[in-house]
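Position one of the sequence shown corresponds to residue 1275 (my numbering), numbered consecutively onward.
Think of the CB as a built atom: it goes at the ideal place given N, C-alpha and C, for glycine as much as any other residue.
Keep in mind that this is a model prediction, so the values were computed, not measured.
So the structure is just underneath, and the comments pick up after that.
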Amino acid sequence: MKEDSSLSISKSKVQKKNYREEKKRATKELLSTITDPSVIVMADWLKIRGTLKSWTKLWCVLKPGVLLIYKTNKNGQWVGTVLLNACELIERPSKKDGFCFKLFHPLEQSIWAVKGPKGEAVGSITQPLPSSHLIFRAASESDGRCWMDALELALKCSSLLKRTMIREGKEETAQTAEHSHINFYSLLRAHNMQVLCLFNDSDQFKDPDLYSDKSDRENEQEQEEWENEVMEKSEESDSDTSERQEDSYIDLDPNETLRETTYIEQSHEELGEAGEAAQTETVSEENKSLIWTLLKQVRPGMDLSKVVLPTFILEPRSFLDKLSDYYYHADFLSEAAVEENAYNRMKKVVKWYISGFYKKPKGLKKPYNPIIGETFRCLWIHTETNSKTFYIAEQVSHHPPVSAFYVSNRKDGFCLSGSILAKSKFYGNSLSAILDGEARLSFLNRGEDYVMNMPYAHCKGILYGTMTLELGGQVSIACEKTGYSAQLEFRLKPFLGSSDSVNQISGKIKLGKEVLATLEGHWDSEVFINDKKTGEMETFWNPTPELRQNRLIRCNVPPEEQGEFESERLWQHVTRAINNKDQTEATNEKFILEEAQRKAARERKAKCEEWMPALFEQDPVTGEWHYRYADTRPWDPLNDLIQFEKDGFIQTKVRHRTPMVTGPKRKHKSDKPKSPESGCSSPEPDRQDSSGSERHKCKHNSRLRKKGTDLSEIQSAIESIRQTQEDINR
């Protein structure tokens, strides 16, 4: 028995030794692949046929398992990455000169990688390319045959190609090693990609970032130190501790109680009726005198943002709350995110956009101007997908008045961000409230962004006639990646128009310059769509009583749990006075808030301090406002458990703690990462040992910080690779 036991132990040691040697060989092989510039099967110009039936000349670089497409031969303007593992290749007859061949997915699935070699989410602008196939044209038959042979080789023998090309390029690599620089981030990603692939039977494409050629590179000394650490790890002892160190995830209890914000269902909501009746108001004699007093302060063309408005025209809620009206039908976006047809996706996005306007207060009402630093948060429950759409908004500037907002539902695959600069213009008998800015809707699984703007609100009949509120202006919704766009026009009622000409909307949906469909109707009632190809007209949007009844349920934070600068709590005394129709009290309470804001602004100016928003930060280059805690990774059903919000921080509870992938952003040694809640997808803090002499302690801490940064990059790489593989599997 003892002999059998010793034999078993000996056999186990041999197996472990072979395992470590094989792993070490694979690591060396991959490092050689990345550092060797000769690992390119073929590269040349090819013409590619787009969805608009025209040809574009693009630079194609064939590597084992992947075809990279660029606009120039300097690999600077990435267009797309084709995953070859699921593709088939056939010759295609052509009447024109040259040689045609077709690369396609047999099940008509997407052949494109979701990210570029430098982590790009959107490629360079070209004519739209098909999603499930590509048709190529080489200059001559000999060139075309050569490309087909090379593609067949890349399709069938990716692993063999890597090893062969490494061996052939070894000598050249050795000669040029002194002059080569390696992208540290890409190296880490590629190393982990190879390790994952060795122990995964799937032939799915690993990660396009393997071929990154970023100009931001680490110096040779740091790269050599990292290589040495990799080799040391491969030769560690056979103990269980050694094996556990290779695991970059930390297991968590899925049943752990979340520390999240409490939300309760919205208790009261005001929905105006369709048509002109809900948008008109007869002003009492008392209020008319207030209007005349106000008009003495202004002149035609003047911006009203600094004018104090009377409280009788105020809607008892903040403008930050008003901006959330667009998400009662966020389930349309959930449907659009899983829609495979790009044209149908655009239609669902347009339908969602129009759905945000029919909710309106009775009469002519204006929401409160938010106080700087004011925040608002709420959510909607999606019962069909068992998910939540979170809404976070903050007033990031007072002069000019800018409101930033962020909406996220990672489980359903979309997020939306933007900022609005509110302006008002006085024209004598009318005034316009202009919402200057744009919103960007992103579908996380597709890398598509839909950029849109807002119509303006127009109030007329201030001096004579009936005071009426309408919407007007041109709206554009465009997706650069797919080439689809929509133009909508909100029309004001003509001077001699009938009641039927109120709230009119028209528009068209286009692919490039081709009009595919037109829209016509009323934005608060029925809108029709006319398909140009079939000539059929059907109802596109109609907010029927049944639709209003079944819309998403909004939940708010209870007032007692709100911060002092959250909208409902901040304006509670003004709101109470307006609801009690006590205009004097409402004016006094409003004055107290505005005066406190002015005093704080004077104090900051005296101290030469600038206001720093809590939840949003401004891009110094573009001037755009971005949510500080934005997480735009596609939802991972194997790892992500639930999305939740705490103190304005939208986060995700996961089975394993993994870092957010936001690109190869290098950390400085002085940076101190934040300590997140356990089980949330945020980077881990570095831990430092306090033992030993001061000199040894300093040296040891420096080494630990470096290892912590490396580990974070490795975790980032593994997460991105796993998400790519799952997307391909789906």
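Cβ-based burial, residue i [other Cβ within 10 Å; buried from 16]
i: C1882; result: exposed
i: L1305; result: With a pLDDT of 47 at L1305, under the threshold of 50, the modelled position of this residue cannot be trusted; read the value that follows with caution. Counting Cβ neighbours within 10 Å, L1305 comes out buried, since at least 16 surround it.
i: G1781; result: buried
i: H1796; result: buried
i: S1661; result: buried
i: I1399; result: exposed
i: E1614; result: exposed
i: D1805; result: exposed
i: L1296; result: Sequence inspection shows Glu at residue 1296; the Leu mentioned does not correspond to that position. It is exposed - the Cβ of E1296 has fewer than 16 other Cβ atoms within 10 Å.
i: M1886; result: exposed
i: A1880; result: exposed
i: I1283; result: exposed
i: D1605; result: buried
i: F1679; result: buried
i: K1430; result: exposed
i: Q1925; result: buried
i: D1910; result: buried
i: S1516; result: Because the pLDDT at S1516 is just 37, under 50, the model does not fix this residue reliably, and the point stays unresolved.
Pairwise C-alpha distance: residue j and residue i
i: T1330; j: L1341; result: 16 Å
i: A1752; j: Y1758; result: 6 Å
i: S1598; j: D1914; result: 26 Å
i: Y1260; j: F1410; result: Shown here, the chain extends from 1275 to 2004; a query on residue 1260 therefore has no answer.
i: G1747; j: F1375; result: 48 Å
i: R1828; j: E1842; result: 15 Å
i: E1754; j: I1995; result: 26 Å
i: I1803; j: E1810; result: 8 Å
i: P1833; j: E1394; result: 42 Å
i: E1838; j: G1647; result: 10 Å
i: A1707; j: K1699; result: 7 Å
i: P1933; j: L1320; result: Only weak support exists for where P1933 lies, its pLDDT of 49 falling under 50; the value from the coordinates is given anyway. Between P1933 and L1320, the C-alpha separation is close to 39 Å.
i: T1861; j: A1760; result: 43 Å
i: A1667; j: I1322; result: 44 Å
i: S1671; j: F1664; result: 22 Å
i: W1333; j: Y1617; result: 28 Å
i: L1336; j: G1418; result: 14 Å
Coarse secondary structure for residue i, derived from DSSP in three states
i: W1626; result: helix
i: C1420; result: helix
i: F1479; result: Confidence at F1479 is low in this model, with a pLDDT of 37, below 50, so its placement is unreliable and the value that follows should be read with caution. In the structure shown, F1479 sits in coil (DSSP, three-state: anything other than H, G, I, E or B).
i: K1640; result: strand
i: H1900; result: strand
i: N1804; result: strand
i: V1670; result: strand
i: T1998; result: helix
i: F1769; result: coil
i: I1646; result: coil
i: I1314; result: coil
i: E1362; result: strand
i: H1732; result: strand
i: Y1724; result: strand
i: S1706; result: strand
i: F1839; result: coil
i: S1592; result: strand
i: A1874; result: helix
CB of residue i within 9 Å of CB of residue j, strictly
i: I1645; j: L1357; result: no
i: F1890; j: T1535; result: no
i: S1691; j: Y1901; result: yes
i: G1354; j: G1390; result: yes
i: L1377; j: L1363; result: yes
i: L1743; j: A1731; result: yes
i: L1594; j: N1683; result: no
i: S1406; j: S1384; result: yes
i: A1413; j: G1372; result: yes
i: S1693; j: W1899; result: yes
Which listed residue (the options) has its alpha carbon closest to that of residue i
i: P1819; options: S1799, D1805, Q1836, N1347; result: S1799
i: S1704; options: L1715, S1677, D1686, M1741; result: M1741
i: G1922; options: Y1617, A1991, L1653, D1423; result: L1653
i: L1408; options: I1708, V1315, S1328; result: S1328
i: E1722; options: Q1401, P1768, A1611; result: A1611
i: Y1601; options: A1616, T1649, C1689; result: C1689
i: N1359; options: D1417, L1425, Q1871; result: L1425
i: K1767; options: L1785, S1990, L1745, S1750; result: L1745
i: T1657; options: K1685, C1361, A1387; result: K1685
i: A1870; options: W1845, A1791, W1909; result: W1845
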